[in-house]
Ligand SMILES: NC(=O)c1ccc[n+]([C@@H]2O[C@H](COP(=O)([O-])OP(=O)(O)OC[C@H]3O[C@@H](n4cnc5c(N)ncnc54)[C@H](OP(=O)(O)O)[C@@H]3O)[C@@H](O)[C@H]2O)c1
Ligand SMILES: NC(=O)c1ccc[n+]([C@@H]2O[C@H](COP(=O)([O-])OP(=O)(O)OC[C@H]3O[C@@H](n4cnc5c(N)ncnc54)[C@H](OP(=O)(O)O)[C@@H]3O)[C@@H](O)[C@H]2O)c1
């Protein structure tokens, strides 16, 4: 490990039944049948509204926690399923969901079996496409992060892979009081995680529950 | 519906990954590989300790909520998997896990494909064995409850069946910060439940999360 650089999952949203995304993902529906359900709480915060150039928003615990998103982060790793809808790699013009100036402002490593040349965006975000095992990808991201933390950006499949590989130091999961019934589960394959992580849960008045998992002694 | 009699799930415990019991259920392990993990929080309460004839215990929100267990309850319905370990119906002497004086003190309807004659225990508990659809079982339990509420006692499979049949008015689910990885899931098949229930979550200092689901307008 490079000094005190940590790997962090930031405000990853799941339904009460544990799904991090729905079914039927497409260009029109980045979360499938989940629609906006997993992130309404976030768009109600001041930080969430600022992301869309809007005024107002809440200043409570939800807002305080989402602001950790970029604090101390030097790079992100994300899965191909977060970067674009199924089939994005067949579209040479696809540059992600986030427009010309994505909200990352750091190098972002996109794990994919269909790598392409790096994509430099406005505002400091460069997408690097990587066909590599989680530990290799993390080594690359740590290098790029210059001693800062690495965000494990999701979706649920790649978070599970990184947890299974023992590569995640901290997870902030937001349980939203909706039941998706179908989709991609976050918690699968994490049996006895409580033996390796301190787990703390706190409810927000907005109705969501923040779950913090911190590697024990980490 | 018979007057104001309601159907209630009381402090049903699930792991963070949504399992209401583990795998490998047996006479020695009523929750399989889950061991005591799902209920340690309850045995720390004053009410939980009293159940075992012990002094002390916490008096906070966990204790207050578990005390709802018998308040206003006139009957319980439980699944065969709660009444005994796999194969209990082949043992004519099996009378449940709870000794001579079970903690129910009302009629209890055990749903099973292997019915047997009623079993009258000490302290007011009588087990009735019923091979019937959820709605029929509820009608029988309501009759026996004399206008009081009916507890939907679990396990997870029968709770799911009763929710799917639209027969549950209130659920108090306790999310415990452990990951079981395997077992019987509670939340499956409840897609869009938030459209029909008000959902409230509150964290306890003990580390568990209480989730209250109340039928909207109910
Ligand atoms: N709930 C939240 O807060 C949250 C956060 C982020 C994203 N999401 C949502 O999650 C969904 C995507 O999640 P997902 O679980 O389906 O997919 P994902 O984790 O984003 O990506 C999985 C895919 O990434 C590629 N990949 C992963 N590991 C790799 C490796 N080691 N080497 C090479 N390629 C690798 C593979 O795609 P290929 O084989 O196709 O290249 C794999 O199928 C989207 O709906 C997104 O909007 C939700
Ligand atoms: N987490 C908690 O708070 C909590 C609470 C209660 C129990 N539990 C645990 O949950 C586990 C049992 O749960 P489970 O989901 O496996 O089983 P369950 O829900 O207790 O029982 C399901 C079984 O009941 C019988 N049954 C259900 N509906 C019926 C119907 N309409 N007609 C006839 N028979 C019917 C069937 O058994 P047969 O065909 O064999 O008769 C069925 O396999 C145990 O480990 C128990 O300790 C946990």
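Protein chains in written order, with our numbering: chain B, 6 to 223; chain Z, 6 to 223.
By construction, the Cβ of each residue, glycine as well, lies at the ideal position given by its N, Cα and C atoms.
The Cβ of residue 182 of chain Z sits closer than 8 Å to at least one Cβ of chain B. Three or more beta-carbon pairs drawn from the segment 141-159 of chain Z and the segment 75-83 of chain Z are found closer than 8 Å, and the two stretches are therefore classed as touching. Cβ-Cβ distances below 8 Å link residue 21 of chain Z to 180, 181, 182, 183, 184 in the same chain, with the five nearest sequence neighbours on each side left out; the list follows chain order. The beta-bridge partner set that DSSP reports for residue 175 of chain B consists of B:13, B:219. Around the beta carbon of residue 67 of chain Z, 16 or more other beta carbons sit within 10 angstroms, so the residue counts as buried. Assigned with DSSP and collapsed to three states, residue 139 of chain B falls in helix.
Sequence-distant Cβ neighbours of residue 169 of chain B in its own chain, meaning closer than 7 Å and more than five residues away, are 194. Residue 51 of chain B is positioned such that its CB atom lies closer than 8 Å to that of residue 63 of chain B. When DSSP states are grouped into helix, strand and coil, residue 112 of chain B belongs to the strand group. Closest by C-alpha distance to residue 161 of chain B, out of B:9, B:16, B:10, B:11, is B:16. Using a C-beta cut-off of 8 Å, the segment 117-137 of chain Z makes no contact with the segment 198-210 of chain B, since fewer than three inter-stretch Cβ pairs fall below that distance. Taking residue 221 of chain B as reference, the option from B:207, B:171, B:178, B:210 with the minimal CA-CA separation is B:171. Residue 124 of chain Z carries a strand assignment under DSSP once its states are collapsed to helix, strand and coil. In this structure residue 111 of chain Z is buried. Its beta-carbon is surrounded by 16 or more other beta-carbon atoms within 10 angstroms. Membership of residue 195 of chain B in any alpha helix (DSSP H) is not indicated, and neither H nor E is assigned to it by DSSP. About 4 Å separates the CB atoms of residue 27 of chain B and residue 188 of chain B; that is less than 8 Å, so the two are in contact. Closer than 8 Å at the C-beta level to chain B, one finds no residue of the segment 125-149 of chain Z. Cα atoms of residue 108 of chain Z and residue 10 of chain Z: separation of roughly 21 Å, rounded to the nearest angstrom. In this structure, the straight-line span from the alpha carbon of residue 117 of chain B to that of residue 53 of chain Z is close to 51 Å.
Closest in C-alpha terms to residue 101 of chain B, from the list B:34, B:214, B:88, B:113, comes B:88.
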